[in-house]
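Worksheet for the structure shown next.
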Amino acid sequence: MSTIAEVSADLEKWTVFLSDLSPYSDELLCKPIEGKWSIQDIISHILGWDKSLTKTLIQIINNEQVALQEHLDVQAFNDASVAFGRNMKPHDLLNEAIAQRKRMIRKLEMVSESAFVRQFLNSPYTMEYFLQQIFVQHDRHHKEQIMKVLPAID
C-alpha cells in the first residue's frame, strides 16, 4: 500500500515529463501518432482527468458525499477533453497541464490518510487504488506511447 506522499511523487513525474516536452515544436506536438491522437491530444486527455479528480478531491476535503469512479461515458469525456486542448497553443497546453497537475497534487495532500485508504461508498475503489491504477499507470502508458514516437518524428 502506498502513502499520499508516495503517490504524489509518482503523480509529479508527469509534470517533469511535460516540462521535458517544451523544446519540441508545435508541429511535432500536433502530429497524430499512428493516425490517432497527437501528443497535444494525449496531454489534453490527461488534463481533463486531472481537472475532474481535482473537483472530487475538493469534495472529499469538504467531507461531501462522493462516488469515486470512472466517468459513465469515458469516450464522450475523452472527446471533450481532447477538443478543449485543440483550442489551445500546444505550449500553452503544456503549461496548463503542469499547473493543473500541481493543483491536483496540492489537493491530494490535503486529504486525510484515512480517507485515502478507505473504500468509498458506492465505489469499488479506495483513493489509493484509484490513483495508482487510473492515474499513475495511465500516465506511464501515455508517457511510453509518446516516448516511442519522439525520436521517430523529431
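Residue numbers for the sequence shown follow the UniProt record's numbering, beginning at 1 and rising by one.
By construction, the Cβ of each residue, glycine as well, lies at the ideal position given by its N, Cα and C atoms.
Gln145 - DSSP class collapsed to helix/strand/coil: Three-state DSSP puts Gln145 in a helix.
According to DSSP, residues forming a beta bridge with Ser38: Paired residues: Pro32.
Nonlocal neighbours in the same chain, by C-beta distance under 6 Å from Trp14, ignoring five residues either side: These residues qualify, in order along the chain: Arg101 and Asp139.
Complete runs of the beta strand (DSSP E) confined to the UniProt domain "DinB-like" (18-146) [at least 3 residues]: Here no run is fully enclosed.
Same chain only: Cβ atoms within 7 Å of Val111, ignoring 5 sequence neighbours per side: If the five residues before and after Val111 are omitted, its C-beta is found closer than 7 Å to the C-beta atoms of Ile4, Leu57, Ile60, Ile61 and Met127, all from its own chain and listed in chain order.
Helix, strand or coil at Ser8 [DSSP, three-state]: In this structure, Ser8 counts as helix in the three-state DSSP scheme.
Burial state of Pro90, where buried means 16 or more other Cβ atoms lie within 10 Å: Around the beta carbon of Pro90, 16 or more other beta carbons lie within 10 angstroms, which makes this residue buried.
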